[in-house]
Amino acid sequence: MGLVKTAVFPVAGLGTRFLPLTKSTPKEMLPIVTKPLIQYAVEEAIQAGIDHLIFVTSNSKKAIEEYFDKNYELEDRLQKNGNIKALQQVQNIIPRSVSVSYVRQEEPKGLGDAVLKAKRLVGNENFAVLLADDLIASEESSSLLSSMIRQFSEWRTVSLALDEVPLSEVHKYGIASFDEESCSVSSLIEKPSALEAPSRWALLGRYIFSPEIFFYLEQLKPGRAGEIQLTDGISLMLKDKPIFAVPFHGKRFDCGSASGFKEAIRYFLD
Ligand code: G1P
Numbered sequence: 003m004g005l006v007k008t009a010v011f012p013v014a015g016l017g018t019r020f021l022p023l024t025k026s027t028p029k030e031m032l033p034i035v036t037k038p039l040i041q042y043a044v045e046e047a048i049q050a051g052i053d054h055l056i057f058v059t060s061n062s063k064k065a066i067e068e069y070f071d072k073n074y075e076l077e078d079r080l081q082k083n084g085n086i087k088a089l090q091q092v093q094n095i096i097p098r099s100v101s102v103s104y105v106r107q108e109e110p111k112g113l114g115d116a117v118l119k120a121k122r123l124v125g126n127e128n129f130a131v132l133l134a135d136d137l138i139a140s141e142e143s144s145s146l147l148s149s150m151i152r153q154f155s156e157w158r159t160v161s162l163a164l165d166e167v168p169l170s171e172v173h174k175y176g177i178a179s180f181d182e183e184s185c186s187v188s189s190l191i192e193k194p195s196a197l198e199a200p201s202r203w204a205l206l207g208r209y210i211f212s213p214e215i216f217f218y219l220e221q222l223k224p225g226r227a228g229e230i231q232l233t234d235g236i237s238l239m240l241k242d243k244p245i246f247a248v249p250f251h252g253k254r255f256d257c258g259s260a261s262g263f264k265e266a267i268r269y270f271l272d
């Protein structure tokens, strides 16, 4: 049995930076050429050995459930027309050995609250959290998660992924005090100003947790932007346990903004 077999995908966010499009289309369904953003994160998780996917959705995200569901009519037509290549493309979105669960986040109360919604489905398992907004160039994506799982196997607390960003961008991310030699994290702050930031090491949307994280998330009060912040839950756990991170030196696109999204499309078109 692998150490981390479950992954949580928080996909309930409103996607306000992509309005008016996201009024009816979830931002996770935005196309990076022929695949939606969410599929890249799902493939990355499966390649790292995950076999249970949990989506934390909201009522405007039905397109995500439909996308991962079987489409009998389409498959039947492709089969009858002998279009085997297309048939395989729709059948292989999620392999049969992988199970999928959905849970709703009724109100947009923050990333920490979204992860907490998956508590019952996660049960006693260690789990990964993947934010589809952070798109990683495919050749580097599964090795990042695999390195994080390897790192997690030692202390079994938390493993984070960190990306060094320009000082002008620290206000967009959770920022960590990080010792590159020991790979340990000594503090975290959610979206600090350039003056407050302890470093330029930004939390990338990949996390590995033991189920203990739920205990800390349950104690949180609303933080930055009045939301329950995942970063605050990790900070609270840091008071009791050592936490580690893997520095990421590859190509990442922040598809939470239109400029990052455009850059990703250009990269994947090449
Ligand atoms: C979230 C986290 C933040 C992290 C970022 C990575 O922010 O709260 O700590 O650095 O994802 O993309 P969001 O992008 O949801 O505002």
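At position 199 of the sequence shown the residue is numbered 201 (our numbering), and the sequence of numbers has no breaks.
Backbone N, C-alpha and C fix where the C-beta goes; we use that ideal spot for every residue, glycine too.
Please classify residue i as buried or exposed, where buried requires at least 16 other C-beta atoms within 10 Å of its C-beta.
i: proline 38; result: buried
i: proline 12; result: buried
i: valine 35; result: exposed
i: leucine 55; result: buried
i: arginine 208; result: buried
i: glutamine 81; result: exposed
i: lysine 29; result: buried
i: glutamate 46; result: buried
i: isoleucine 86; result: exposed
i: asparagine 61; result: exposed
i: leucine 240; result: buried
i: alanine 260; result: exposed
i: serine 170; result: exposed
i: lysine 63; result: buried
i: threonine 18; result: exposed
i: isoleucine 161; result: Checking the sequence shown, residue 161 turns out to be serine, not isoleucine. Buried, because 16 or more other Cβ atoms sit within 10 Å of the Cβ of serine 161.
Tell me where the alpha helix (DSSP H) around residue i begins and ends.
i: leucine 89; result: 86-93
i: isoleucine 56; result: No alpha helix (DSSP H) holds isoleucine 56; the beta strand (DSSP E) holding it covers 54-59.
i: threonine 233; result: 232-240
i: glycine 79; result: First, the amino acid is wrong: residue 79 is arginine here, not glycine. Looking at the DSSP string, the run of the alpha helix (DSSP H) that includes arginine 79 is 74-82.
i: isoleucine 96; result: Neither: isoleucine 96 is in no alpha helix (DSSP H) and is coded neither H nor E.
i: serine 261; result: 260-271
i: lysine 119; result: 113-119
i: lysine 64; result: 64-70
i: leucine 39; result: 39-49
Give the straight-line distance between the Cα atoms of residue i and residue j, rounded to the nearest whole angstrom.
i: glutamate 108; j: aspartate 115; result: 10 angstroms
i: alanine 130; j: leucine 113; result: 14 angstroms
i: phenylalanine 20; j: leucine 76; result: 30 angstroms
i: glutamine 153; j: aspartate 135; result: 24 angstroms
i: leucine 238; j: tyrosine 218; result: 6 angstroms
i: glycine 51; j: leucine 132; result: 14 angstroms
i: threonine 59; j: histidine 173; result: 26 angstroms
i: lysine 119; j: leucine 16; result: 17 angstroms
i: alanine 163; j: serine 26; result: 32 angstroms
i: tyrosine 104; j: alanine 65; result: 13 angstroms
i: arginine 79; j: glutamine 93; result: 13 angstroms
i: alanine 9; j: cysteine 257; result: 20 angstroms
i: isoleucine 191; j: isoleucine 151; result: 23 angstroms
i: aspartate 272; j: asparagine 126; result: 42 angstroms
i: asparagine 128; j: glycine 235; result: 16 angstroms
i: tyrosine 42; j: alanine 139; result: 9 angstroms
i: proline 200; j: tyrosine 74; result: 52 angstroms
i: glutamate 141; j: phenylalanine 270; result: 12 angstroms
i: glutamine 90; j: leucine 123; result: 29 angstroms
i: aspartate 165; j: asparagine 83; result: 47 angstroms
i: serine 179; j: proline 168; result: 15 angstroms
i: glycine 252; j: alanine 204; result: 14 angstroms
i: isoleucine 227; j: glutamate 182; result: Looking at the sequence provided, one finds alanine at residue 227 rather than isoleucine. Those two C-alpha atoms are separated by around 30 angstroms.
i: arginine 268; j: glutamine 221; result: 42 angstroms
i: phenylalanine 1; j: valine 100; result: Since the first residue shown for the chain is 3 and the last is 272, residue 1 is missing from the structure and cannot be characterised.
i: leucine 23; j: serine 184; result: 44 angstroms
Which residue marks the beginning of the beta strand (DSSP E) containing residue i, and which one marks its end?
i: serine 101; result: 101-106
i: leucine 132; result: 129-132
i: isoleucine 245; result: 245-250
i: arginine 254; result: 254-256
i: valine 10; result: 8-12
i: aspartate 136; result: 136-138
Any beta carbon from chain D within less than 8 angstroms of residue i's own beta carbon?
i: proline 194; result: Going by chain labels, chain D is absent from the structure shown, which holds only one protein chain.
Ignoring anything shorter than 4 residues or poking outside the stretch 164-226, list the alpha helix (DSSP H) runs there in chain order.
-> Counting only runs of 4 or more, we get 215-219.
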